[in-house]
Amino acid sequence: MVRACCVLGCPSGVKVPSHRFPGNPKMFIAWKIALPSLKRNILNDEELKKCMVCYLHFKDTDYVTMDYKYRKLRPDIVPSINLMSTNVNLLKEQEDKNIMFQHSQEVGILKDDENWNARSSLSYHRELNLSNEIELRPKSTCFYDIICKLRKKQHTLFKQMLLFRWKLKQAEKKYTQHKNTQSLISKLSHTQKQFIRLKLRVIRYKPKILKMLCRSNRKVKALACNISKQRKQNNEHANKDIF
Numbered sequence: 001m002v003r004a005c006c007v008l009g010c011p012s013g014v015k016v017p018s019h020r021f022p023g024n025p026k027m028f029i030a031w032k033i034a035l036p037s038l039k040r041n042i043l044n045d046e047e048l049k050k051c052m053v054c055y056l057h058f059k060d061t062d063y064v065t066m067d068y069k070y071r072k073l074r075p076d077i078v079p080s081i082n083l084m085s086t087n088v089n090l091l092k093e094q095e096d097k098n099i100m101f102q103h104s105q106e107v108g109i110l111k112d113d114e115n116w117n118a119r120s121s122l123s124y125h126r127e128l129n130l131s132n133e134i135e136l137r138p139k140s141t142c143f144y145d146i147i148c149k150l151r152k153k154q155h156t157l158f159k160q161m162l163l164f165r166w167k168l169k170q171a172e173k174k175y176t177q178h179k180n181t182q183s184l185i186s187k188l189s190h191t192q193k194q195f196i197r198l199k200l201r202v203i204r205y206k207p208k209i210l211k212m213l214c215r216s217n218r219k220v221k222a223l224a225c226n227i228s229k230q231r232k233q234n235n236e237h238a239n240k241d242i243f
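Residue 1 is where the sequence shown starts when you use full-length UniProt numbering, and the numbers rise one by one after that.
And the structure:
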């Protein structure tokens, strides 16, 4: 974010992760109560909504890791650390002393010391931020790619398993509903029935095989009908010859 932290006495600079005041009215009031001391006098809530609070005032547990790089602040979190509300009077006294000694010869030395302290604190907080980011990342990006590939394979296997179950149900329906199979099964013993069921489970493409069996049964029926018709015709011709 572009703006600096609005908490009074916060040593963080501009280029640090920071958060706006929440849009939720309840959380906005909670943040307002948690931050009694600000760097400048804010007249209304509209100005306060534009203020920023840096990451130094939140715990590591207040964040949620979105993926292996980024993290997000939880919606029900309030700033709780490094608020510096107890040191407001001391900071005001220091500001008054600095105003009194503005025209003295020691101003340059004081400014150098303040700049050095600010730079050291900024470098420390930047290092702390980098260490937090490194902890959130995995050892290597290749692990993330492998996890994505494994998830895709798992998804495809799950789809194949569902399709296989559907085929198995369709095969069982065709197997049980067919008249010829029902008549054959009724004549078999219990062990023979179990053996046939186990064999059907082993078959990979059950519906196709059952279609082939049904077609072969139809062909056998057609041949039987043709043979019976020919026999009837032969019997009729034989009876005519006799008479």
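Positions of the beta carbon are idealized from the N, C-alpha and C atoms, including for glycine.
- Around the beta carbon of P79, 16 or more other beta carbons lie within 10 angstroms, which makes this residue buried.
- For Y63, the three-state secondary structure derived from DSSP is strand.
- Separation of the CB atoms of P17 and Y55 is rounded to 4 Å, and the pair is thereby assigned contact status at 8 Å.
- CA-to-CA, the gap between I146 and Q154 works out to about 12 Å.
- Taken through DSSP and simplified to helix, strand or coil, C225 comes out as helix.
- Separation of I185 and Q170 (C-alpha to C-alpha, rounded to the nearest whole angstrom) is 18 Å.
- L162 has its alpha-carbon roughly 24 Å from the corresponding atom of Q194.
- Annotation: I29 to D62 spans about 18 Å, alpha carbon to alpha carbon.
- In this structure, DSSP gives K50 a state outside helix and strand, which the three-state scheme calls coil.
- Rounded to whole angstroms, the separation of the alpha carbons of Q160 and C10 is 58 Å.
- If you compare the alpha carbons of N24, S37, S228 with that of R74, the shortest gap goes to N24.
- Per DSSP, the continuous alpha helix (DSSP H) segment holding K32 begins and ends at 25-34.
- Per DSSP, reduced to three states, the secondary structure at S18 is strand.
- The Cβ neighbour count for F158, taken over all protein chains shown within 10 Å, is under 16; the residue is labelled exposed.
- Taken through DSSP and simplified to helix, strand or coil, C148 comes out as helix.
- DSSP places R71 in the uninterrupted beta strand (DSSP E) bounded by 71-73.
- In the structure shown, the three-state DSSP call for L168 is helix.
- In this structure, DSSP gives L162 a helical state, which the three-state scheme calls helix.
- Assignment of L157 by DSSP, reduced to helix, strand and coil, places it in the helix class.
- The beta-bridge partner set that DSSP reports for C10 is empty.
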